[in-house]
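Q:
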Amino acid sequence: MLQENAIIEINRQVAPGIYYLRLESPGIFSRSHPGQFIHINLGTTYDPLLRRPMSIFNAEEDRISVLYQVVGRGTEILSRFNPGASLDIIGPLGRGFEIKEKSRHFLLGGGIGSAPLVYLAHQLHRENRKAIFFLGMRTEEFLFLKEFLPSDLEFYFSQENSPAGHPRLITDLLAPHLESPEKTALYCCGPEGMYRQIGRLCGGKNHFSIQVSIDRRMGCGVGTCLGCAVKVKNPPREEPEIVRACVEGPVFPWGEVFANEL
Ligand SMILES: Cc1cc2nc3c(=O)[nH]c(=O)nc-3n(C[C@H](O)[C@H](O)[C@H](O)COP(=O)(O)OP(=O)(O)OC[C@H]3O[C@@H](n4cnc5c(N)ncnc54)[C@H](O)[C@@H]3O)c2cc1C
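Numbering (this note's numbering), first residue to last: -5 to 256.
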């Protein structure tokens, strides 16, 4: 983990309330892996006191990028930084996605949760692995994401407000692809309701491995404050244990977090 003063190259609105931030950050770039995150300091005083966690959206040529949605004070402050300014960031943090030795790789993103999967899509592409990207969203607000993905990547999307007969949920997209006996790795980032639905759909099929990125409010981001506790169960251990999303996560095997739902 490093602390860097990263120079902002781009901080541009790409859809209503959604910004693409690209930073010159050679140290963090060279150590990062898909699914990890950075922690951004937004003030020069003690206000705002806490850094804000953001997934690494992509990493190339000494740059890392972030895709963020303005939801409150911190992200609103971030949206006002101009190119040329520097940001105090620490990273890469946490444990990212483990790329499995499977014949197919399914990336399932819900809304802004899709951000770390773009980096993963590029990594799988570099490794010549067969991948499909599934994007679930409310309307069409995240369709621009396709521009950031490898151009020949197979891509499907669902919209909750679709007319009848069109896919509304990410599971509508996924279901037809589950008939094949091919060994498949699923990498998911989005709301926990989505993870439950995906788990139910794949339940009992042991040729699927599912990883999920767990979103928790974070204080320190480095394992000290214990603010991002997650209850996990790692069979054959009987009792669940409490771990930190920022260090032991944010990516976990599906079964460890949703064990009681198996
Ligand atoms: C590991 C990790 C990676 C993340 N990656 C991204 C990313 O790539 N892009 C992105 O846009 N956001 C990401 N987030 C969420 C992001 O950190 C929060 O949206 C941000 O900290 C909000 O700061 P704020 O000051 O603008 O909002 P606040 O004023 O702190 O909160 C505004 C609203 O957002 C909600 N909120 C704040 N933090 C979170 C959170 N962690 N999860 C869910 N809701 C939250 C609050 O409950 C409140 O309703 C990530 C979070 C984690 C833990």
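By construction, the Cβ of each residue, glycine as well, lies at the ideal position given by its N, Cα and C atoms.
Can you tell me whether alanine 169 is buried or exposed, with buried defined as 16 or more other CB within 10 angstroms of its CB?
A: Looking up residue 169 in the sequence shown gives position 175. It is exposed - the Cβ of alanine 169 has fewer than 16 other Cβ atoms within 10 Å.
Q: Relative to the C-alpha of phenylalanine 51, which residue among Glu141, Asn122 and Leu195 is closest?
A: Here residue 51 refers to the residue found at position 57 of the sequence shown. Per the Cα distances, Glu141.
Q: Opposite glycine 104 in the DSSP bridges: which residues?
A: Here residue 104 refers to the residue found at position 110 when the sequence shown is read from its first residue. Paired residues: Gly130.
Q: Going by C-alpha distance, which of Glu(-2), Ile22 and Leu72 is nearest isoleucine 4?
A: Here residue 4 corresponds to residue number 10 of the sequence shown, with the count starting at 1. The shortest Cα separation from isoleucine 4 among Glu(-2), Ile22 and Leu72 belongs to Leu72.
Q: Report the start-end ranges of each alpha helix (DSSP H) in the region 159 to 227 that is 4 residues or longer and not cut off at the edges.
A: With a minimum length of 4 residues, the continuous alpha helix (DSSP H) runs that stay inside the region 159 to 227 are 164 to 168 and 186 to 196.
Q: At the level of alpha carbons, what is the spacing between alanine 179 and glutamate 250?
A: Position 185 of the sequence shown, counting from 1, holds the residue named residue 179. Position 256 of the sequence shown, counting from 1, holds the residue named residue 250. About 16 Å.
Q: Does the region 215 to 226 touch the region 198 to 206, meaning 3 or more C-beta pairs lie closer than 8 Å?
A: Taking 8 Å as the limit for Cβ pairs, the verdict is that the region 215 to 226 does not touch the region 198 to 206.
Q: Where do the ends of the alpha helix (DSSP H) carrying alanine 109 lie?
A: For this step, residue 109 is matched to residue 115 along the sequence shown. Residues 109 to 120.
Q: Say the cut is 7 Å; is the CB of serine 59 nearer than that to a heavy atom of ligand 1?
A: Residue numbering aside, residue 59 sits at position 65 when the sequence shown is read from its first letter. No, the beta carbon of serine 59 sits no closer than 7 Å to any heavy atom of ligand 1.
Q: Report the start-end ranges of each alpha helix (DSSP H) in the region 19 to 60 that is 4 residues or longer and not cut off at the edges.
A: Qualifying alpha helix (DSSP H) stretches, in chain order: 20 to 25.
Q: Keeping to the same chain, check which residues put their C-beta closer than 7 Å to that of glutamate 134; ignore five residues upstream and five downstream.
A: Position 140 of the sequence shown, counting from 1, holds the residue named residue 134. Only Gln153 meet the Cβ criterion.
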